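Chains A and B are the protein sequences, given in the same order. Numbering-wise, the first sequence is residues 111 to 335 according to our numbering. Numbering-wise, the second sequence is residues 111 to 335 according to our numbering.
2 protein chains.
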Amino acid sequence: MDNDVLRQAPLFSALDDEAATALRTSMSDGRLRRGEALFHEGDEGDKLYIVKDGKVKLGRTSSDGRENLLAILGPGQMFGELSLFDPGPRSATVTAVTDTTYSSLSHEDLLRWLEGRPAVARGLLTQLAGRLRRANDVVADLVFSDVPGRVAKALLDLADRFGRTADDGVHVHHDLTQEELAQLVGASRETVNKALADFASRGWLRLEPRSVVILDLERMSRRAR
Amino acid sequence: MDNDVLRQAPLFSALDDEAATALRTSMSDGRLRRGEALFHEGDEGDKLYIVKDGKVKLGRTSSDGRENLLAILGPGQMFGELSLFDPGPRSATVTAVTDTTYSSLSHEDLLRWLEGRPAVARGLLTQLAGRLRRANDVVADLVFSDVPGRVAKALLDLADRFGRTADDGVHVHHDLTQEELAQLVGASRETVNKALADFASRGWLRLEPRSVVILDLERMSRRAR
DNA sequence: GCCAGACTGTGCTCTGGAGCACAGCCCGGC
DNA sequence: GCCGGGCTGTGCTCCAGAGCACAGTCTGGC
Numbered sequence: 111m112d113n114d115v116l117r118q119a120p121l122f123s124a125l126d127d128e129a130a131t132a133l134r135t136s137m138s139d140g141r142l143r144r145g146e147a148l149f150h151e152g153d154e155g156d157k158l159y160i161v162k163d164g165k166v167k168l169g170r171t172s173s174d175g176r177e178n179l180l181a182i183l184g185p186g187q188m189f190g191e192l193s194l195f196d197p198g199p200r201s202a203t204v205t206a207v208t209d210t211t212y213s214s215l216s217h218e219d220l221l222r223w224l225e226g227r228p229a230v231a232r233g234l235l236t237q238l239a240g241r242l243r244r245a246n247d248v249v250a251d252l253v254f255s256d257v258p259g260r261v262a263k264a265l266l267d268l269a270d271r272f273g274r275t276a277d278d279g280v281h282v283h284h285d286l287t288q289e290e291l292a293q294l295v296g297a298s299r300e301t302v303n304k305a306l307a308d309f310a311s312r313g314w315l316r317l318e319p320r321s322v323v324i325l326d327l328e329r330m331s332r333r334a335r
Numbered sequence: 111m112d113n114d115v116l117r118q119a120p121l122f123s124a125l126d127d128e129a130a131t132a133l134r135t136s137m138s139d140g141r142l143r144r145g146e147a148l149f150h151e152g153d154e155g156d157k158l159y160i161v162k163d164g165k166v167k168l169g170r171t172s173s174d175g176r177e178n179l180l181a182i183l184g185p186g187q188m189f190g191e192l193s194l195f196d197p198g199p200r201s202a203t204v205t206a207v208t209d210t211t212y213s214s215l216s217h218e219d220l221l222r223w224l225e226g227r228p229a230v231a232r233g234l235l236t237q238l239a240g241r242l243r244r245a246n247d248v249v250a251d252l253v254f255s256d257v258p259g260r261v262a263k264a265l266l267d268l269a270d271r272f273g274r275t276a277d278d279g280v281h282v283h284h285d286l287t288q289e290e291l292a293q294l295v296g297a298s299r300e301t302v303n304k305a306l307a308d309f310a311s312r313g314w315l316r317l318e319p320r321s322v323v324i325l326d327l328e329r330m331s332r333r334a335r
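In structure tokens, the structure reads:
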């Protein structure tokens, strides 16, 4: 069942069963508790990671100590590829948001694996291109949208990836504190709290600790654009 | 001499001379005048482009018509790869900032070319990884830095790529109006103008139309961090 | 089950920067 | 060489959102 999650990962999706199993053997596993960091911005390191279970946050710290989150990654998602192809120190700190298990693969092993397997290379290219497109979208949002808009967008994105639809709405156990949510959208904790409270008072969502239930997807989506 | 510029492009750098010349034959050339658009956000299209001479801007327009520039690209730089690996409509509009010549390569030709040439795939991966790192940096700047800081950073980046060092300072013919510069850093024209005027009054730079001379790199760099 | 520390909710103040208005200015076309 | 349209420079107003202060609430460890 471990393999199931990995099989979903874009890196593996282009591989047939034997190949996937073979690659699997050169990977090693690890685990993190909530709050534990896997590596820090500036560290050396050339491993690629895939989340098996749980969630991690990918963040950077400014010179004066403020934090900004680049992404929240869940099962099947990959990170650490940057230091892999664009050599240099790690560009972000990775911290577990929930207890997390992961698999890792070394630079060397991956490159050996890439040779003569254009499908894998294309898979990686697709993955990176998608990430780049997303990053560009984030830039556009920061420039064009106000804080409530960015909060709405972030919630919809989290709902998309971690939500479960029930009869009263979409339950999103994002496991983030409002502080973390604020860092994710590039705003202050207070402003995000007020935006959330406003959405709740309009009946668009219900707030729960580290979780929300989206009641009116329609209006939330409209607010996000 | 055409080939010289292309040879510098990361896509080609991994190739030996024969291979580069061969690839060159499957590319076609084009030209644009200042202000002319090559393609628009939302267009279909799967070509990859390389700037031979001149500069283009890569921009997006918000629903209410405001613009944001993702990048200014000069000779040897590549664009359009996104639609290539992450299929979908073009995610940005590309417009010439000066008269420009370019070469283009179709999706099909590039993929054919990729097969069995891991070095080229790695070149592309490196290129994309670099772009992603840069995009992440832009996000961090938008969150952490104020407008003057972002202006300083943008000028230093332009100086790095387009500047010529003379005895009175680094001449940067960026060819951008202040409006475009503002769109590049995600701020209003007026605020950018005031930041520039302030830098000039401190003697850090001299303003010229569509161009600046950086007189004090040291202080500019300090302001940018 | 109780307590401390972490998280959440909300009012109030203050400021960076947007946006408007308008005044030079410069450059390119007739 | 003159006129007009696009640039550039600068003051003024106003507001979104940061940051502070503090109260209320939840939670996990003993």
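Where is the CB? At the ideal position from N, CA and C, for every residue including glycine. Just so we're clear, the structure is a prediction, and the values are computed from it rather than from any experiment.
is_contact[V253 (chain B), chain A] using C-beta, thresh 8 Å: yes
Short CB-CB distance (under 8 Å) between T205 (chain A) and chain B: no
Where G190 (chain B) falls, given that 16 or more other Cβ within 10 Å makes a residue buried: buried
Alpha-carbon to alpha-carbon, G164 (chain B) and A245 (chain B): 23 Å
Buried versus exposed, by CB contacts within 10 Å (16 or more), A276 (chain A): exposed
Coarse secondary structure for D153 (chain B), derived from DSSP in three states: coil
Exposure label - A307 (chain B); buried when at least 16 CB within 10 Å: exposed
CA nearest to the CA of S214 (chain B), picked from B:L327, B:L317, B:R134: B:R134
Cα-Cα separation between W223 (chain B) and P258 (chain B), rounded to whole angstroms: 44 Å
Contact with chain B by F195 (chain A), beta-carbon distance below 8 Å: yes
Neighbour flag for S201 (chain B) against chain A, beta carbons, 8 Å: yes
Opposing strand residues paired with F189 (chain A) [DSSP bridges]: A:Y159
Range of the contiguous beta strand (DSSP E) that encloses A276 (chain A): 273-276
Residue-level contact to chain B via CB, A262 (chain A), 8 Å cutoff: no
V253 (chain A) - DSSP class collapsed to helix/strand/coil: helix
Chain-ordered chain B contacts of E300 (chain A) [CB-CB under 9 Å]: What E300 (chain A) touches in chain B: nothing, since even the nearest Cβ is about 16 Å away.
Endpoints, the beta strand (DSSP E) within which D139 (chain B) is located: 138-142
Buried/exposed call for A229 (chain A), threshold 16 Cβ in 10 Å: exposed
Chain-ordered chain B contacts of S311 (chain A) [CB-CB under 8 Å]: Simply none; closest approach about 26 Å.
Partners in chain B for A239 (chain A), counting only beta-carbon separations shorter than 8 Å: E191, L192, L194, F195, D196, L238
Cβ-based neighbour list, L315 (chain A), same chain, cut-off 8 Å, excluding 5 preceding and 5 following: L265, G279, L306, F309, V322, V323, I324, L325, D326, M330
Closest by C-alpha distance to A119 (chain A), when choosing among A:T205, A:V166, A:Q237: A:Q237
Chain-order list of residues whose beta-carbon lies under 8 Å from that of V302 (chain A) (same chain, five-residue window excluded): V257, V261, Q288, L291, A292, V295
Check whether T208 (chain A) and D270 (chain A) have beta carbons under 8 Å apart: no
8 Å Cβ cutoff, L180 (chain A) in contact with chain B: yes
Cα-Cα separation, F122 (chain B) to G226 (chain A): 19 Å
Three-way DSSP call (helix, strand, coil) for M111 (chain A) in this model: Annotation note: pLDDT 46 at M111 (chain A) (below 50); position unreliable, no value reported.
Residues that A71 (chain A) contacts on chain B, provided the C-beta gap is smaller than 7 Å: Lying outside 111 to 335, the shown extent of chain A, residue 71 (chain A) is not represented and no answer is given.
Residues from the region 115-129 of chain B in contact with chain A, defined by Cβ distance under 8 Å: none
CA-to-CA distance, P185 (chain A) to R333 (chain B), given in whole angstroms: 41 Å
Contacts that G169 (chain B) makes with chain A (C-beta to C-beta distance below 7 Å): Residues of chain A passing the Cβ test: none, with the nearest at roughly 10 Å.
Beta carbon of R170 (chain B) nearer than 8 Å to that of A250 (chain A): yes
Proximity winner among B:H150, B:H283, B:N178, relative to R299 (chain B) (alpha-carbon distances): B:N178
Cβ-heavy atom distance, E154 (chain A) to the ligand SAH, below 7 Å: This structure lacks the ligand SAH, and indeed carries no ligand of any kind.
Nonlocal neighbours in the same chain, by C-beta distance under 6 Å from M111 (chain A), ignoring five residues either side: With a pLDDT of only 46 at M111 (chain A), under the threshold of 50, the placement of this residue in the model should not be trusted; the figure read from the coordinates follows. So the list is empty, once near-sequence residues are dropped.
Min CB distance P228 (chain B) to chain A below 8 Å: yes
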